[in-house]
Every structure is written in structure tokens, then in C-alpha cells.
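Here's the structure, in C-alpha cells; my notes come after.
There are 2 protein chains.
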Amino acid sequence: MPIIECIPNVSEGRRPEVVESIAAAVRAVPGVRLLDHSSDASHNRSVFTMAGDAKPIKAAVLAIYERAVAAIDLRSHHGEHPRLGAVDVVPFVPIEGVTMDACVALARDVGEEVAARFAVPVYLYEEASDNPARKNLEDIRRGEFEGLAAKIASPGWAPDFGPAAPHASAGASVIGARMPLIAYNINLNTDRLDVAKKIAAAIRHSSGGFRYVKAAGFKLEDRGIVQVSMNLTNYEKTPIFRVFETVKREAERYGVSILESEIVGLVPAAALNAAAEYYLQIGGFSAEAQILENKLRQTP
Amino acid sequence: MPIIECIPNVSEGRRPEVVESIAAAVRAVPGVRLLDHSSDASHNRSVFTMAGDAKPIKAAVLAIYERAVAAIDLRSHHGEHPRLGAVDVVPFVPIEGVTMDACVALARDVGEEVAARFAVPVYLYEEASDNPARKNLEDIRRGEFEGLAAKIASPGWAPDFGPAAPHASAGASVIGARMPLIAYNINLNTDRLDVAKKIAAAIRHSSGGFRYVKAAGFKLEDRGIVQVSMNLTNYEKTPIFRVFETVKREAERYGVSILESEIVGLVPAAALNAAAEYYLQIGGFSAEAQILENKLRQTP
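Encoded structure:
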């Protein structure tokens, strides 16, 4: 059974009854597992994590739109997190037995249907977008709901699907396909914030570093140390071990060593296996055929 | 569902009809998966790899005895591999959701029933044996079927279950519980066999090395290099990464580097995850809660 993960971000984090009604709608779809949902009141935003095959996942996303478009009005929505619409972002992520191309096709299919059924303009992003200026979520969302009417009418910003004007209360949506994110932090054996910031600048894409790394330096006040906090947006092309080794080498430059690293939330098994293969210099290894648990699951 | 792996070694590798009849008996047990079986004609021996919960696995082992004891006569059995009985060795291995203690209890339970039903004397081994002189399979099997009558009557060699005399045609059995084995080789960037042999001696238990490592040095003639070939018998207590790092350091002593390493056959996911955690210095990690695929399987 192919597994696609989908993580809709909905612009409601303060009314538990609305969030719960959306969660209930997802749970009611056969073939979809709701893995997690969490709300942030200051962001006024909720994140739903669900998994399943293409058809049930599509049904669950449409069910979310049905509830969210009816319940959320962006004209009176306030929160710290930038947002463009009631259902703000919908990424599809290939997990098992499914290609990125299939997730791109699903994003386009869902985007078309959302536009048709709810009259919500849809921008495709990341792997689902062919337009280099519209791959990055931050670029699409810049100006937020309040600036959307002007932006959507400006050159280069016609939506991929739906009307070239915002939905009055539900704004617009950004739908796409991407690799699983890994939230990865490295704690340094120093309290020098400048070191963490310099290392973050060295490794992140935006300032010349690795293509699939976002990074910033922070102080962990209570522990008296600093942290390089990262999002790894494609662990196949920019693997964890390469990032770790680069941070370690850059830290040495300042006489600093790595205290520990930390994976926040979920990590695909393949990302850890790749690290084991790299450091142990394992040749000719097949996770499918050689990891005992995988082999067990394949045998009927 | 708890998963126990069981790998019965049967003293028949030349008559495919006997091997196939044993495999069919295993397949007929509901709740047991026959993952693999392979026969070696020169060893005159077959290895069956199966998995399931305690109750079905016990039923499958008893089904193997039923066929093997009827079909195999050790008095006319010849082969290169040492053996004590028709069903020579039966290890139970904890894989998922089951403790080593539970596998020890299962080994004792199966041993008692085998002795009662088939009048085959049973020696417990590895974790299932309390007797330090009878933990090691090689010690128990020394003298083989031909020396068994004398050995079983000698002090310290009364079986754990069953008669203190060999079964006339089926000999005796060794039944126990152990951790999964990892067959692990490290290839060195040299053709000097003495270096591989010295490193093997440095790391293996029998000559002062790690408690759960068996090792030997070999020449890979066709590639013009040498190999340290290992069995890691408890990857939790003697982890792969520690063995790898020690081999690497010992090789440096001779100006030699590691070309690559190789995992032969199956490896538990936990053994690779431990290597990733070690090298990436990951703190506070939970494979159950944080590996995406595990999380997916836990959610109904």
C-alpha cells in the first residue's frame, strides 16, 4: 500500500471546536490515518498530519476545505504566523511505495478540484510548481491575506487554478509536493552566539551553503550554550551526515566542539540508515532486502 | 504482535523432498512466516528461518521434529558441518515486542516437549543455559553424533531434558535463545594477510577482544585485498560502530585504511540506528516515537 503523508496547515488555532470538527472529518475518511494534530493559539494556526493512499488523502483534504472554508474568515483572523488563506498550505510528501511525481500529480489534481468546488484560488509550490519564482512558500505568501487582492492581480501572480481574485473569507491556498522535512539541531559546547550564527550562515542555502538547508543560530539561555537550528528539506540530496560533518568542521575553526545533536519530531528511516552506511563505509547495502524488520514485513 | 525469529538447523541438505516436506510443514502452521530456507549439500544441512509469536513458532518447531526425526538417520549421515542430531540446533531470537527472557522460557518449554514427545535428549544453550560450560554451541557439539553416547554418560553432560542416552537415529538437540547475529566484514586497503589476522585477534573475544565478537582474517584473492570477517553475537552490548572504530584504529597502526565494510544477510534496524545516533551524537532519541515509518505503523 503506497503511503503519502499530507500536512494541511489551517488558519485556526484558538477555537478548539473548529479544530476538533476538522479532525473528526479527517478521521471519518476510510483509509486515512490522522497521525497528529496540534494548535498554536498565538499563531492562530493548526497543523494536521495524516497519511494514506492518494484517493483517501484527497477525500480528507476536500473534507478539511469543506469545514475550514465554512468556519474561518480571514478578514477577522489575527495571529503571529503569516497566512494567505483559511486552508493555508497543503503539502503532499512521498513516504513509501510512491514517487515524487505521483505526489506532484496529486497536488495538481487536488488544487484543480479545490478551485472548482470552493472558488478558492490555488498556487502550486515546491516540486508541484514549474515556475522558479513560485517554488518557495515564503515568496508566494509574502504580503499575506491582506495584500492578496493586489498581488493576485499583478504580473506573474495569476493563480495556477481558480479565480484571479481572493475568496472573500478564505483567501487563497498553496498546494504542492515536497520531500519530508527533518528538523535538526546541533548544540555547541560554547555560549558564543556569534559562532552559532556564523556556522548557520555557512551551511544554509540562502547565504551560499547547502541547497536543502535552512539554518539559524540561537542561544539556549537556560543551558548557557548555543544552537544551530536547521530544517533539512531534502535529506536525499543534502544528507544529515554531510551537514553534521560540516558543522563540526566549521566549529573547530573557532575552537568549539559539538555537544550533541537533536532530531525534533519525525525522521524517515532512510535518513538514519544513510548516516550508518556513510560512517561505517558499508558497500552494496539494500535496506529493503537486508533490514530484518523490512524483510519480515515483506513476507506474507 | 510480538515477533520471535527461530532458525532451526536440520541435518539434511541432499534430499530436496525431505527439505521440502519440512518447509511445507512450517508453511502449514497459521501465524508462522517461513522467511527463508537454504540447503548445503556438502554440509548436508538445511537452515530454516521463520518468524511468529511464541505459540505458532512452538507448533512449527514440533512439526519440524515430526518430519525430521522420521526421515533422518544420523547413523548414515555424512557432511562437512559438525552435528549432534537430526534437528541439530534450534535458536529463538527476540525481534520485536518480546524480551530475551520470554525467548528463554520458550526454549525451555519447547525443549521439554521435544524430549517428552520424541525421546530426543535436549541441551539448552546460550541465554537459555545457566551452566557456563554449556552456553557455547561448539562446546556442546564437540565429539558430534559419533561421540554422543560416551559424552552424554560422562560427568557434567547429562541433558537438560530427556533420556541420558542418544536417540538411536536422531541423536540429540541443542535448543536455546540468543540475540540476532550480524555477519559483518571489513575490507582493508592492503594485501597483507598478517594485518587482517592481527586485527581479528585484537578484536575477538577468544583472544582478549570484545565480548560478543568472533573474527578471522582472510585473503580475498580475486581482489588482491584482505578482510576481517566477523560475527557480532550481541549488537546491543558490542555495537557495530565500536567494532568498526576499533578495526579502523588498529589498521592505522600498520598504515592501512578501511576500504569498505559489508553486512552479509540481515541486520536489525536498531543496530544501524545505534550507529547513526553514535556518529551524529544524537541525544534523547526514540526510534519508536521518532522514526516516521514506526509512527505510521503504530497509528490505527
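In the order they appear, the protein sequences are chains B and Z. Under the working numbering, the residue at position 159 of the first sequence is numbered 159, and the numbers go up by one with no gaps. Under the working numbering, the residue at position 285 of the second sequence is numbered 285, and the numbers go up by one with no gaps. Glycine included, C-beta positions come from ideal geometry on N, C-alpha and C.
Quick one: what's got a C-beta closer than 8 Å to residue i's C-beta in the same chain, skipping five residues either side?
{"i": "Z:T238", "result": "F210, R211, Y212, V213 and L232"}
{"i": "Z:V32", "result": "V26, M50, A51, G52, P56, I57, A59 and A60"}
{"i": "Z:M100", "result": "P94, E127, A177 and M179"}
{"i": "Z:E250", "result": "K198, I199, A202 and I203"}
{"i": "Z:V247", "result": "I186, I199, I203, V228 and I258"}
{"i": "Z:L62", "result": "V110, E113, V114 and R117"}
{"i": "Z:P159", "result": "A115, P121, V122, Y123, I152 and A172"}
Cβ of residue i within 8 Å of Cβ of residue j?
{"i": "B:I240", "j": "Z:Q281", "result": "no"}
{"i": "Z:A196", "j": "Z:F218", "result": "yes"}
{"i": "Z:I95", "j": "Z:I152", "result": "no"}
{"i": "Z:V228", "j": "Z:I175", "result": "no"}
{"i": "Z:R83", "j": "Z:F145", "result": "yes"}
{"i": "Z:I182", "j": "Z:V89", "result": "no"}
{"i": "Z:V69", "j": "Z:A86", "result": "yes"}
{"i": "Z:A276", "j": "Z:Y235", "result": "no"}
{"i": "B:A172", "j": "B:L137", "result": "no"}
{"i": "Z:L193", "j": "Z:V256", "result": "no"}
{"i": "Z:P8", "j": "Z:I64", "result": "yes"}
{"i": "B:H37", "j": "B:H81", "result": "no"}
{"i": "Z:G79", "j": "Z:S39", "result": "no"}
{"i": "Z:H77", "j": "Z:S11", "result": "yes"}
{"i": "B:G283", "j": "Z:E262", "result": "yes"}
{"i": "B:D191", "j": "B:G224", "result": "yes"}
{"i": "B:V230", "j": "B:Y184", "result": "One detail in the question is off: residue 230 of chain B reads as Met in this sequence, not Val. Yes."}
{"i": "Z:A24", "j": "Z:A54", "result": "no"}
{"i": "Z:E293", "j": "B:A269", "result": "yes"}
Return no unless some Cβ of chain B is closer than 8 Å to the Cβ of residue i.
{"i": "Z:G284", "result": "yes"}
{"i": "Z:V267", "result": "yes"}
{"i": "Z:T299", "result": "yes"}
{"i": "Z:R33", "result": "yes"}
{"i": "Z:F48", "result": "no"}
{"i": "Z:I22", "result": "no"}
{"i": "Z:E12", "result": "no"}
{"i": "Z:I258", "result": "yes"}
{"i": "Z:F301", "result": "No statement about residue 301 of chain Z is possible, as the shown extent of chain Z runs from 1 to 300 and does not include it."}
{"i": "Z:Q281", "result": "yes"}
{"i": "Z:I3", "result": "yes"}
{"i": "Z:Q290", "result": "yes"}
{"i": "Z:L62", "result": "no"}
{"i": "Z:E96", "result": "yes"}
{"i": "Z:I263", "result": "yes"}
{"i": "Z:L272", "result": "yes"}
What does DSSP give as the partner residues of residue i in its beta bridges?
{"i": "Z:F218", "result": "Z:Q227"}
{"i": "Z:P94", "result": "Z:I4"}
{"i": "B:S39", "result": "B:S46"}
{"i": "B:V87", "result": "B:V10"}
{"i": "Z:G52", "result": "Z:I4"}
{"i": "Z:S261", "result": "B:I282 and Z:I186"}
{"i": "B:V32", "result": "B:G52"}
{"i": "B:F241", "result": "Its beta-bridge partners do not exist; DSSP assigns none."}
With 8 Å set as the bound, which would you pick, yes or no: does the beta-carbon of residue i sit closer than that to a beta-carbon of chain Z?
{"i": "B:F244", "result": "yes"}
{"i": "B:A59", "result": "no"}
{"i": "B:E293", "result": "yes"}
{"i": "B:L296", "result": "yes"}
{"i": "B:A275", "result": "yes"}
{"i": "B:Y235", "result": "no"}
{"i": "B:F241", "result": "yes"}
{"i": "B:L188", "result": "no"}
{"i": "B:S76", "result": "no"}
{"i": "B:L181", "result": "no"}
{"i": "B:A51", "result": "yes"}
{"i": "B:S39", "result": "no"}
{"i": "B:L304", "result": "Summary: the structure shown does not reach residue 304 of chain B, with chain B confined to residues 1 through 300, and so no result is reported for it."}
{"i": "B:L220", "result": "no"}
Looking only at its own chain, which residues have a Cβ that is under 6 Å from the Cβ of residue i, when we skip the five neighbours before and after it?
{"i": "B:A274", "result": "P239"}
{"i": "B:L220", "result": "Q227"}
At a Cβ threshold of 8 Å, is residue i touching chain D?
{"i": "B:Y254", "result": "Protein chains in the displayed structure are B and Z, and chain D is not among them."}
Hey, is the region 282-292 of chain B in contact with the region 285-300 of chain Z, meaning 3+ C-beta pairs nearer than 8 Å?
-> The region 282-292 of chain B is not in contact with the region 285-300 of chain Z.
Spell out a yes or no on whether the region 106-122 of chain B and the region 163-178 of chain B are touching, meaning 3 or more CB-CB pairs, one atom from each, closer than 8 Å.
-> The answer is yes - the region 163-178 of chain B touches the region 106-122 of chain B, with three or more Cβ pairs under 8 Å.
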